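Have a look at the structure below, then the notes.
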Amino acid sequence: MSARLEGWGRLIDRSEPLTYSFNGRDLRGYRGDTLASALLAAGQVMQGRSFKYHRPRGPVAAGAEEPNALVNLGQGARFEPDQRATTTELFEGLVAESQNHWPSLDFDVGVVNNALARFLPAGFYNKTFMAPRGAWKHVFEPAIRQSAGLGRAPKAADADRYEHLYAHYDVVVVGGGVAGLTAARAAATSGLRVLVMEQAPHWGGRAPVDGGEIDRLDPEGWVRNVVEELEKAKNVTLRRRMMAAGVYDHGYLIGYERVADHTPLDGRPRHRLWRIRAGRIVTATGAIERPLAFAGNDVPGVMLASAMRDYLVNWGAAVGRRVVVVTNNDDAYRTALAMHEAGREVAAVLDARPLVTGALATRVREAGIRVLEGRAIAKVHGRKGVTGVAVTAQAGAGGAVEEIGCDAVAMSGGWSPVVHLWSHCGGKLVWDEAQALFRPDPSRPPTGADGEGFVVTAGAASGALTLAGALADGHDAGKAAAKAMGGKVTRKAAPKAEPEEAQPILPVWIMPAEAGPELKAKMWLDFQNDVKVSDVELAAREGYESVEHTKRYTTLGMATDQGKLSNINGLAVLSQALGQDIPATGTTTFRPPYTPISMASIAGEARGELFQPLRRSPIHDWHEANGAHWEPVGHWRRPYTYPRGAETLAEAVNREVNNTRANVGLLDASTLGKIVVKGPDAGRFLDMMYTNVMSSLPVGKCRYGLMCSENGFLIDDGVVARLAEDTWLCHTTTGGADRIHGHMEDWLQCEWWDWKVYTANLTEQFAQIGVVGPKARAVLEALGGMDLSKEALPFMHWAEGELAGIPARVFRISFSGELSYEIAVPAGRGRELWDRLVEAGEAHGVMPYGTEALHVMRAEKGFIMIGDETDGTVIPQDLGLNWAISKKKEDFLGKRAQERPHMADPERWKLIGLETLDGSVIPDGAYIVADGVNENGQRNTQGRVTSTYFSPTLGRGIAMALLHRGPERMGEEVEIPVLGAGKAPIRARVVETCFFDKPGAKQDV
Amino acid sequence: MRRYSAFAIAREALRHHAGWGRAWASPEPKKRYDVIIVGAGGHGLATAYYLGKNHGITNVAVLEKGWLGGGNTGRNTTIIRSNYLQDPSAAIYEKARSLYETLSQDLNMNVMFSPRGVIMLAQTHHEVRGYQRTAHANALQGVATEFIGPARVKELVPIINLDGPRYPVLGGLWQARGGTARHDTVAWGYARACSAMGMDIIQNCAVTGVETESGQVRAVNTSKGRIECGKLALVVAGHSSELAEMAGFRLPIESVALQALVSEPIKPCMDVVVMANTVHGYMSQSDKGEMVIGGGTDGFNNYTQRGSFHHIEETVRALVETFPMISRLKMLRQWGGIVDMTGDRSPILSKTPVGGVYVNCGWGTGGFKSIPGSGWAMAELVAKDAPGPLAAPFGMERFREGRFIDESVAAGVAH
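Sequence lines, in order, name chains D and U.
This note's numbering puts the first sequence at residues 126 to 1130.
This note's numbering puts the second sequence at residues -14 to 400.
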């Protein structure tokens, strides 16, 4: 049955019909429809099921506050659950289905929960399901989980794209209703940069629906003019379909622009997240109408009076043929008039106020509509749709005085300003007794770094609910915001509207006032989560008196609408139950986002390959082309090994080690950190940074250094080269480069700010290649260029020159125990050098090797690796590195810490080597056990394995470990348990850490 | 105390639940208590509960500035696990986890402990080695964990993307008896049980000063007047330094905001808890159906319990990458909680320079999962004026001695 009315529907374009599907049924709507309006126009009032009791539900609102009409939208890689039908713009081919029911919307087995509702009050799950103990996990919880949740879980990855946009504005106006537009127009005359955003697809907010005149124009015409004027202003940016999600410290504002939700597949990003720094934020966010709490207020067909009016005026969708209006304030009379004008029958207006005198009421009476004073709804009849209402006295307990047949009910409990953005960052509220609402307290705004408030409210968001009041307030807000930013507003006067004669609201939180428990158990506060008046009263009775306790106990306001409809009603009911004022109860905390925003929009472009910046060495492409198996190291990717043919990774690593030891290997060491430290105080600075002395290092030489944290723990190591009298080059680990650079700057900027030292992280400016192995020198000589003989460049020296015509700095350092050169060249020539080395090395059996061969070779030599031998709890003394700790220096970072009792304790675990008795390889991460258990029943340990590898050079497993008094225990056998039931522990002998070429003959040739 | 059961609910249903009494009493403070505990969060209430249950001390008041359970107990992501690396941590967290197993029955209130299992993903070789080390340590500590391969990870978490272009999943540390519980109910359950033992839980009662005499605590001054005490336990995560200052000593604590968020609810799609430390994010699905997501702490110290944006951006990115199907879910709500951070990221359960004053703080991001164990150990410390084996390693003298209990090795940033 179509409910679309000719002559109504200001937002729909009847020349553009659209086809869409709901629960598999093909339906027609128009461009400009929302899914909810199109469904209502198609006679589909019931659009979803509630969360807990699976009750049939239709839309209760027409905007972002909608709790009921949630749908599964789209299919496959564009499927999305929990989408509000009221804010989903219709497009051709839209596919939607209702959710939280089985097998169908019309017949849902889950509704058994509704029949059992009296056994399932708030918090019932806290009081039961405790026995037998295992039953919670295996029986009750799975059943609850299946019954809960709303939409289906998506299965596929998202096919759409998203983007971030960074912006700065002097004034941001949130809300494109008449108050927001007035504020924007005032602010714009100052010439400041102004952004205006509106969450809906159209400008004007409620005014075009509610009527009246602005500067002698109808609101629709006035809005059109002002938007045109703002569009022409060069300093103003206008955005529709953009919601202000959250306000954060220092005027940080997140805008959520739904760019292409209504035009899928058009190639644009679906959502754009605006990250805005705003000088001042004007929140012209309007107000949301409150439901009334009467029995059956959740039956499909009962909706907010403003929503019923919106559906009629905006979309030409009439809800119901015979309507009852129930209210405690004047505004709902507009709905009665509109429905009457549209030719629908308004059976009665039930007004809770004992005497009704307002101008709107007079017009309604003149239209021949019955106005019943002091009357309320005792009960709505019907389950899947309204069939009638029982009328009662608001002052009574619910005895019916009249039955009225109807198929829709419009309700209004008053209005609540949208204060979320004001509150996100600490703005305070005040209870307005006369209007029965919380509004922002202008004397307690959220404050920025300067101590001034940075949010100004405008219009209904300030509590100015009349048209004239909203315009005046909007103008003042725009002026104040611009002025605070140093702008001069040239527009003097606010737009004018006729003042309205309004009768004050009568606060009504429970209808009727003396309702008994039977009725209260049917009065919904939070529609989606099925929280009723009886639940809030139960919470109060059980001592959950704080509004936060009540919320958490009943789940009031925790649904996807985050309490936009329920919070004020709920805390008013709680206040009544506790016998205290509403301000004494207070509100729960308003948290971002205002309405839910997609995870994808938060992630932005950073997905897949772009998830994190990928750092590539200048030789990356060669590695890729030559079959490198990659290992992520920080943001870098390094070759782990280069398997050939059918080789396993382990076989490839062994081959690379053997070849390097026998012939020559190439290592791309470009990712090593390279930090230049320069200045008159650089030596003094490095003496503080490193445990050993760097200031005495002669120019031309290299020295291995250790860095500790303030707490004494070893944090990084590397070779330092002195480049010039006042310049040092500090090599760091790959993962440590950025961290160590930051660490240096931290000390320079915060502690030693008067020292003349400059640091620069040159990691990416140089490619660095290790040429390693007995034939390394022969390969380099084949390149031609600088003299690299033992005499010209001894071990632990560096020299500058040319190799293969490329300017190079060559370091004679070794991390493998082999004859080894590390050659640094400008990054842009790194690949060229690598290619030359591969060519020149061919005759010498050159092969590249990866990080794993590097690790194996250093372990064979007993060299430590940051992150393996260290874990943030290890000091250099534990690792036998006392030789690298200066005893002469007065101070260095970590020195004082290392003198503390536990650090200086001889009982610490210290580094040794382990040789398994049977030659096997100890598993990674294994512990060395001691006898007995400790006071907490844990097995005693006396050490742990820090590095363990198969050594191809020795043909057996080798390991390093930290062992209690380790170095004093050479030759002793220890026991290492292996994971897995019944597996025999490994036995190993304590040996020195260096397994290969102890005299160092191979590296110093 | 009225016992909770299905039978009691059924009986109450017949009279519109009019017969339920208060879960806990709301008394005015007495003149003196044997023990005053400041802070009615999970840790404070659990301390009170085990003081009564294990040590027979029931002349106890728990003072709370706001509403009970309103600090980090009500703001966390409800994860419970004990797969810690260092012996002292594993001992106290495993004690807590094992107490959670029977907490509903102990308290006669369903805290919904759900041992659905926790996986910590290994996404670099370094992480693989780290978690293999933890698995070895746990085996010796009596904590049931195992290192599992990618295929088993996929079986447990069908929605995971194993082969992300940047950090493929190489395995994970799996604790089958880790899981989640309903955070609020843990506080409520302890409060109800304490109240039933005759203890006074006094909400909206801010402590404004600590009175000492010859280095011994005498009383606290509060917004509800002066209250004398024999012993005083400070259990106020997020504001520990302020209370310590009132008592006249300093704590090695920094306070930072930890960020969390939830999605809109959907039907069940992930049964276990997944933590991905390489990319900084963790996620589980609540019984309501929301994806509960946590990330890291803000990079600056502060006391405002607000959500900030930059961290959740990093967290959500990480999780969209790990679980591509959440891309089109929507963030419903974000918030922050203030956590105490110590120098070694391990807690402090300690005597203090003031006689009769004890402090329990510094749980960092691991507070919720430790509540029962923390209360158990703290009660023993307060009752005996000396720590038992669970609390002993966590004395604050360890910072002076350099005897750190550093978990950053394996834990990364996230708990």
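The beta carbon of each residue, even a glycine, is placed where N, CA and C say it ideally should be.
Computed from a predicted structure; not experimentally measured.
- Per the C-alpha coordinates, the member of D/P246, D/V185, D/I635 and D/V1116 positioned closest to U/W5 is D/P246.
- U/A10 is not a Cβ neighbour of U/D169, given a cutoff of 9 Å.
- Annotated as distal: D/A597 and D/V544, with beta-carbon spacing of 9 Å or more.
- DSSP places D/F254 in the coil class of the three-state scheme, outside both helix and strand.
- Exposure of D/Y291 is indicated by the presence of fewer than 16 other C-beta atoms within 10 angstroms of its C-beta.
- In terms of beta-carbon proximity, D/W649 stays away from the interface with chain U, with every pair separated by 9 Å or more.
- Neighbours of D/V1054 across chain U, judged by C-beta separation under 9 Å: L125.
- Counting only the Cα atoms, U/R(-12) lies some 14 Å from U/M182.
- Here the alpha carbons of D/A619 and D/V372 stand approximately 27 Å from one another.
- Taking 7 Å as the upper bound on Cβ-Cβ separation, chain D lies near residues D272, K273 and G274 of the stretch 271 to 289 of chain U.
- U/Y116 belongs to the set of residues whose beta carbon lies under 9 Å from a beta carbon in chain D.
- In its chain, beyond the 5 residues on either side, T713 have a beta carbon closer than 7 Å to the beta carbon of D/E673.
- Per the C-alpha coordinates, the member of U/Q319, U/G328, U/I333 and U/G274 positioned closest to U/A222 is U/I333.
- Ranked by how close their Cα comes to the Cα of U/S99, the residues U/T350, U/V339, U/Q270 and U/G387 have U/Q270 in first place.
- The C-beta of D/L1039 comes no closer than 9 Å to any C-beta of chain U.
- By the neighbour-count definition (other C-beta atoms within 10 Å, threshold 16), D/W227 is an exposed residue.
- Between D/L944 and D/Q1128, the CB-CB gap stays under 9 Å.
- Listed in chain order, the beta strand (DSSP E) elements of length 3 or more contained wholly in the stretch 1026 to 1109 of chain D are 1034 to 1041, 1052 to 1058, 1064 to 1076, 1081 to 1089 and 1098 to 1101.
- Proximity of D/C833 to chain U, defined by a Cβ-Cβ separation below 9 Å, is not satisfied.
- Each residue's CA atom was taken as its position, placing D/T572 and D/A665 some 35 Å apart.
- In the displayed model, D/G867 falls within a helix according to three-state DSSP.
- Judged by their CB atoms, D/R447 and D/G530 are nearer to each other than the 9 Å cut-off.
- What D/R666 touches in chain U, judged by beta-carbon distance under 7 Å, is W5, going in chain order.
- Against chain U, the CB of D/V758 has a partner CB under 9 Å away; the residue lies at that interface.
- With a cutoff of 9 Å on beta-carbon distance, U/L246 and U/V324 are scored as not near each other.
- Residue environment: D/E667 is assigned as buried (16 or more neighbouring CB atoms within 10 Å of its CB, all protein chains considered).
- Relative to the Cα of D/E1060, the nearest Cα in the group U/A120, U/V195, U/I77 and U/N206 belongs to U/I77.
- Residues K315 and L317 of the same chain have their beta carbon placed closer than 6 Å to that of U/E249, with the five preceding and five following residues left out of the count.
- When only Cα atoms are considered, U/G352 and D/P973 end up about 49 Å apart.
- Secondary structure remark: continuous beta strand (DSSP E) runs of at least 3 residues inside the stretch 296 to 322 of chain D, in chain order: 319 to 322.
- Taking the Cα positions, D/A370 is about 40 Å away from D/G513.
- In summary, D/Y767 is buried, with 16 or more beta-carbon neighbours lying within 10 Å of its beta-carbon over all protein chains present.
- With 16 or more other Cβ atoms inside 10 Å of its own Cβ, U/M310 counts as buried.
- Around U/V258, the same chain offers I64, V103 and S269 as residues with beta carbons nearer than 6 Å, after the five sequence neighbours per side are excluded.
- Using a 10 angstroms sphere on the CB of D/G790, the tally of other CB atoms reaches 16 or more, which defines it as buried.
- The C-beta of U/R291 comes closer than 9 Å to at least one C-beta of chain D.
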